[in-house]
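Chemist: The structure is given below, and queries will be raised subsequently.
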């Protein structure tokens, strides 16, 4: 079906609608990964987005139900230059077009995605519409004005507490849009994992006597999430904490720092990041549209993006808190050290707490 992509700045592109035939409005962004399109499609962090894939052919190895990052597609639209009609992989269960159709997501193809990416790079992310209709300026304005993805975290978070994993350290995950791969890795590492809804209070979190708390990745503007920031702030001094992507931004705001919207964001699997403590450079998977501008509290920078020099990681030793903007679970084995570093922080806190208890017992005995 013939269709059009219309950007908020007035530019328009002809192409073909595939997957689900309909109209959709969202914020248009691009991602630079050559592979991983299934993970992109099902990542809750992309709720409300129309995603442009820079790599020209997408769908080469098909899709399957095992590699999904959540139970459905969260983005509003998916733009590619060309789709593979005959995917070839022994794990393939369906084509890209079939996958989009199954989850009622509008696809758009036949457009020069490199040109489109350059426009977004130079002008910044903006609202966009994919449609098969001829819309007037008034109709376009109404659609753009009516589009909003407020309360995005509420749309992607679990509604109740879920228990996962083994008998190791008791780790809580505040679900702002956590990916399945994150939970899989925590389970693989032997943690006893409890996943909490986004609106869980600090009192409720502390009632579970957690050894550590992870604030997950997710969609939306962290500056608007006042209640989540308040509850995280109330938890910070009581339990070791790790923030990932949106979670790191929320933590930094809770510490008194600042977070600003980026022109393009970091989305893709090829973002170079330097670990300032280990003096190593990693190629990371990222998916965020906000940068940590100024650190809060007594935090120090631990990771830096080599492309634009933005902060990619921080830690606040006095509060046993740390955060990273990249996805440590999808950035290769080397970056599992984010989780092992977090384990070390937790175990250090447990030792110190036990020592304090011993001191209290001795003092009580002497008195």
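Numbering (the working numbering), first residue to last: 15 to 381.
No residue lacks a Cβ here, since even glycine has one placed at the ideal position from N, Cα and C.
The model shown is predicted, which means the values in this text are computed figures rather than measured ones.
1. Which whole runs of the beta strand (DSSP E) in the stretch 110 to 150 are 3 residues long or more, in chain order?
2. Who are the near neighbours of residue 363 in its chain, counting only those whose CB is closer than 6 Å to its CB and skipping five residues on each side?
3. Once DSSP output is grouped into helix, strand and coil, what is the label at residue 312?
4. Would you call the stretch 55 to 63 in contact with the stretch 72 to 89, where contact means no fewer than 3 C-beta pairs closer than 8 Å?
5. So, using beta-carbon positions, are residue 1 and residue 190 closer together than 9 Å?
6. Taking only three categories from DSSP, how would you classify residue 81?
7. Use the C-beta contact count for residue 233: other C-beta atoms within 10 angstroms, 16 or more gives buried, fewer gives exposed.
8. Does DSSP classify residue 167 as helix, strand or coil?
9. In the structure shown, what three-state DSSP assignment does residue 105 receive?
10. Could you name each continuous beta strand (DSSP E) segment of 3 residues or more that falls completely within the stretch 265 to 291, going from the start of the chain to the end?
11. Residue 95 and residue 126 - do their beta-carbons sit closer together than 9 Å?
12. Any heavy atom of the ligand GTP within a distance shorter than 8 Å of the CB on residue 360?
13. Return the Cβ separation of residue 196 and residue 219 in integer angstroms, given the expectation that the two are a contact with Cβ distance under 8 Å.
14. With residue 90 and residue 40 assumed to form a contact (beta carbons below 8 Å), what rounded beta-carbon distance in angstroms separates them?
15. Would a C-beta distance cut-off of 9 Å place residue 274 and residue 296 closer than the cut-off?
16. Quick one: measure Cβ to Cβ for residue 265 and residue 167, integer angstroms, because I've assumed they're closer than 8 Å.
17. Any chance you could list the alpha helix (DSSP H) runs of at least 4 consecutive residues sitting entirely within the stretch 163 to 240, in chain order?
18. Taking a contact to mean a Cβ-Cβ separation below 9 Å, would you say residue 144 touches residue 19 in this structure?
19. Span of the alpha helix (DSSP H) holding residue 43?
20. Rounded to whole angstroms, what's the CA-CA distance from residue 310 to residue 38? Just pull it up for me.
Modeler: Here's the rundown:
1. You should have 120 to 123 and 140 to 145.
2. 254 and 334
3. Residue state, collapsed to three classes: coil.
4. Contact annotation: the stretch 55 to 63 touches the stretch 72 to 89, with at least three C-beta pairs closer than 8 Å.
5. Nothing in the structure corresponds to residue 1, since the chain is present only between 15 and 381.
6. Under the three-state reduction of DSSP, residue 81 is assigned to coil, being neither helix nor strand.
7. buried
8. helix
9. coil
10. 272 to 289
11. Against a cut-off of 9 Å, the Cβ pair of residue 95 and residue 126 comes out as a contact.
12. As for the ligand GTP, it is missing from this structure, which has no ligand bound.
13. That pair is no contact at about 18 Å.
14. Indeed they touch by this definition, with Cβ atoms about 3 Å apart.
15. no
16. Wrong, their Cβ atoms sit about 15 Å apart, outside the cutoff.
17. 166 to 170, 194 to 202 and 216 to 221
18. yes
19. No alpha helix (DSSP H) contains residue 43, which is instead part of the beta strand (DSSP E) from 38 to 45.
20. 38 Å
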